[in-house]
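Undergrad: Numbering (this note's numbering), first residue to last: 3 to 265.
I have a structure I would like to understand better, so I am pasting it below and will then ask my questions one at a time.
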Amino acid sequence: MSDSLLRRCVTGLLLGVGLASLACGGAADDPPVAVLGAGAPAVDGSAGPGEPAAGASPKPDTAPQTVPSSRADAGSAPRKRVFVTAATFEGNLQLAGNAPDGIAGADKLCKAAATGAHLGGTWKAFVSGVVGGVTVHAASRIADMSPWHLLDGTVAVASVDELSATLSHAIDLDELGVRVTRTAEAAVWTGTRLGSFTQGCTDVHAGSWALGRAPWLPVDPTATMGDCRKANEWSAAVSDYSLRGVDAVAPCYNRARLYCFEQ
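Next comes the structure, spelled out in structure tokens:
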């Protein structure tokens, strides 16, 4: 190729592929000359920049992939709830709940309160007592479904260990979401102190929570009360004399609430 023809080819390349063909002596309808580096295959069949070579396997996509987790979402399990009843009852919970014994009566009263508030679920009352001659501790009859939340989402009982100790938060909301603030409304029947049975309106024949007003007895039966406004005296109100007589107990003709735990 002469120097003048070479210069025309270079000039044509600068002006465009079609002009390059004409400048180098080709016809106007000749196929365009491939330009190396433009993403097309090289004239010798090798791969252009960024392109796989002929016959090579495609490069796998290296973008990160989202792998579904087999672990259940910890937040997917429904929260277990706890409340103090809006209603109050005399110490004869067997009669109030129309049940075979006082503890069963307390459970029925919790269920009725939850049903009336459209809460659903299965509920047990936090009461200790004697049934059929056997002492039943409230903490042992509550299955470990911790943590339990108040109806506003606050964690009240972080673990079952707190059932025999100080709570994370007082159980001061009833099944309607109303907070108890007045001392005169804060009493709760428990029959429990530090997780153990103390006194619970016990009849020698019918067991615990089977006596209310008993004028035929020389001394009124008594039961342990808690204060639902306090996390440390929730099961036994040992410091507030307006809620108790002696050692956190009060006569069974008084009226008090119940703690209800979802199971």
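Glycine included, each C-beta is placed from N, C-alpha and C at the ideal position.
1) On the criterion of 16 or more Cβ atoms from any shown chain inside 10 Å, does Asn-234 qualify as buried, or is it exposed?
2) Could you tell me if His-120 is buried or exposed, where buried requires 16 or more neighbouring beta carbons within 10 angstroms of its beta carbon?
3) Just the Cα atoms here: how many angstroms apart are Leu-152 and Arg-83?
4) Would you mind giving the Cβ-Cβ distance between Leu-213 and Val-129, rounded to the nearest angstrom? I have them listed as a contact below 8 Å.
5) In or out: Asn-100 buried (at least 16 other Cβ within 10 Å) or exposed?
6) Are the CB atoms of Thr-200 and Thr-168 within a distance shorter than 8 Å?
7) What residue range is occupied by the uninterrupted beta strand (DSSP E) comprising Asp-229?
8) Return the bridge partner residues of Cys-203 from the DSSP annotation.
9) Closer than 8 Å, CB to CB, is Phe-91 near chain B or not?
10) Put Asp-154 into one of helix, strand or coil per three-state DSSP.
11) Nearest-angstrom Cα distance between Gly-179 and Cys-112?
12) Can you tell me which of His-139, His-171, Asn-94 and Ser-237 puts its alpha carbon nearest to the alpha carbon of Pro-149?
13) Tell me the start and end of each unbroken beta strand (DSSP E) in the region 77-106 that is at least 3 residues and wholly inside, in chain order.
14) Can you look up Val-162 in the DSSP assignment and give me helix, strand or coil?
15) For Trp-218, count the other beta carbons within 10 Å of its own beta carbon; 16 or more makes it buried, fewer makes it exposed. Which is it?
16) How is the beta strand (DSSP E) around Ala-189 delimited, first residue to last?
17) Would you call the region 86-97 and the region 156-168 in contact, with 3 or more CB pairs under 8 Å?
18) Compute the distance between the beta-carbons of Val-182 and Arg-231, then report whether it is under 8 Å.
TA: Reading it off the structure:
1) exposed
2) exposed
3) So the alpha carbons of these two residues sit roughly 6 Å apart.
4) About 14 Å; that fails the 8 Å criterion.
5) exposed
6) no
7) Boundaries of the beta strand (DSSP E) harbouring Asp-229: 224-229, taken from the DSSP string.
8) Paired residues: none, contrary to the question.
9) Going by chain labels, chain B is absent from the structure shown, which holds only one protein chain.
10) Coil at Asp-154, not helix or strand.
11) 15 Å
12) His-171
13) Runs found: 82-86.
14) helix
15) With fewer than 16 other beta carbons inside 10 angstroms of its own, Trp-218 counts as exposed.
16) 189-191
17) With a cut-off of 8 Å, the region 156-168 and the region 86-97 do not count as touching, because too few Cβ pairs lie within range.
18) Val-182 places its beta carbon less than 8 Å from that of Arg-231.
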